[in-house]
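Novice: Numbering (the numbering used here), first residue to last: 95 to 328.
We put the beta carbon where it would ideally sit given N, CA and C, even for glycine.
Owing to the predicted nature of the structure, the values given are computational and were not obtained by experimental measurement.
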């Protein structure tokens with residue numbers, strides 16, 4: 095049985111990944127979000143797939159919250175096979191538009207999208223090292239590639255570039271030996287963040303992502319992938 099933890103599981107790609115993994119079977123999913131009591135769709139999945147999912151409160155910007163969630167997971171399983179750092183934010187115009195930028199908003203987006211996933215990974219490192227073919231995946235964005243040529247969205251672009259670097263460093267850190275680390279662009283997906291005009295439905299993106307995650311091996315550590323499995327430029 096594959097043991098998976100997904101952050102930001104209450105909506106969008108995170109929720110769809112939870113749904114598809116449970117439908118696939120032979121998994122145990124830890125689905126985390128800030129407010130489980132308000133995550134109605136997650137609660138419905140716990141009723142439908144009783145014994146295969148545990149919904150945990152975890153605010154990725156709160157280190158005490160992360161530690162508490164890690165303790166619950168450690169008490170439930172001996173190891174973790176896949177950590178999907180999916181939780182993230184887009185930010186507002188104070189992180190997007192020149193002339194309106196504020197240090198607080200740019201910093202908030204970078205912390206949430208890049209720093210916090212690294213701290214989450216650190217908290218679950220011991221469990222990952224006891225997992226089977228353990229993998230850490232950062233859900234990034236093509237907007238984090240330095241080869242992209244476009245203006246605006248400063249905070250989001252900077253945060254995803256930093257997230258990519260975190261995954262790259264994890265891949266070569268001896269403290270993470272044996273754990274595959276990769277970063278993935280899920281595509282432009284019709285979620286609250288992606289908007290209604292996005293090219294992909296959450297179901298399409300999640301299906302392709304699951305196929306990619308399944309075939310990740312140590313040889314892929316430190317790479318940046320498109321959701322379809324092709325490599326992206328840093």
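Residues in the same chain with beta-carbon distance under 7 Å from residue 166, minus the five sequence neighbours each way, listed in chain order, please.
Specialist: So the qualifying residues of the chain are 150.
Novice: Might you give, ordered along the chain, the residues of its own chain that have their beta carbon closer than 7 Å to the beta carbon of residue 95, omitting 5 neighbours on each side?
Specialist: Taken in chain order, the residues that qualify are 120, 121 and 122.
Novice: Run through the region 158–214 for me and flag every whole beta strand (DSSP E) of 3 or more residues, listed as ranges in chain order.
Specialist: Listed in chain order, the complete beta strand (DSSP E) runs (minimum 3 residues) inside the region 158–214 are 176–179.
Novice: Have a look at 196, 201, 280 and 221 and flag the residue whose alpha-carbon is nearest the alpha-carbon of residue 171.
Specialist: Ranking the options by Cα distance to residue 171, first place goes to 221.
Novice: Among the residues of its own chain, which have a CB less than 7 Å from the CB of residue 329, if the five just before and after it don't count?
Specialist: What is shown of the chain runs 95 to 328, which leaves residue 329 out entirely.
Novice: Can you give me the Cβ contacts of residue 133 inside the same chain, cut-off strictly under 6 Å, excluding the 5 residues immediately before and after it?
Specialist: These residues qualify, in order along the chain: 104 and 127.
Novice: Rounded to whole angstroms, what's the CA-CA distance from residue 279 to residue 253? Just pull it up for me.
Specialist: One C-alpha to the other measures close to 13 Å.
Novice: Would you check if the region 173–184 and the region 212–228 touch, i.e. whether three or more CB-CB distances between them fall below 8 Å?
Specialist: Yes: the two stretches touch, three or more of their Cβ pairs being nearer than 8 Å.
Novice: Return the CA-CA distance between residue 111 and residue 282, expressed in angstroms with no decimal places.
Specialist: Rounded to whole angstroms, residue 111 to residue 282 spans 16 Å at the Cα level.
Novice: Below 6 Å CB to CB, which residues in the same chain sit around residue 173 once its five sequence neighbours on both sides are set aside?
Specialist: Excluding sequence neighbours, residue 173 sits near 221, 224 and 225.
Novice: Excluding the five sequence neighbours on either side, which residues of its own chain have a C-beta within less than 7 Å of the C-beta of residue 153, listed in chain order?
Specialist: 128 and 159.
Novice: Look at residue 246 and residue 303 and say whether their C-beta atoms are less than 8 Å apart.
Specialist: Not a contact, by the Cβ cut-off of 8 Å.
Novice: Could you name the residues that DSSP lists as bridge partners for residue 100?
Specialist: Partner(s): 125 and 178.
Novice: Round the Cβ separation of residue 139 and residue 116 to the nearest angstrom and send it over; I've been treating them as touching at under 8 Å.
Specialist: That pair is a contact at about 6 Å.
Novice: Closest to residue 290 by C-alpha separation, out of 106, 270 and 227, would be which residue?
Specialist: For residue 290, the nearest C-alpha among the options comes from 106.
Novice: Among residues of its own chain, excluding the 5 on either side of residue 264, which ones have a beta-carbon nearer than 6 Å to its beta-carbon?
Specialist: Result list for residue 264: 270 and 275, in chain order.
Novice: To the nearest angstrom, how far is the alpha carbon of residue 157 from that of residue 296?
Specialist: Roughly 29 Å separates the two Cα atoms.
Novice: In terms of residues, what are the limits of the alpha helix (DSSP H) holding residue 253?
Specialist: Counting along the chain, the alpha helix (DSSP H) containing residue 253 begins and ends at 248–265.
Novice: Unbroken alpha helix (DSSP H) runs of length 4 or more, entirely within the region 270–328: which are they?
Specialist: For the region 270–328, whole alpha helix (DSSP H) runs of length 4 or above, ordered along the chain, are 296–309.
Novice: Span of the beta strand (DSSP E) holding residue 229?
Specialist: Note, residue 229: beta strand (DSSP E), 229–233.
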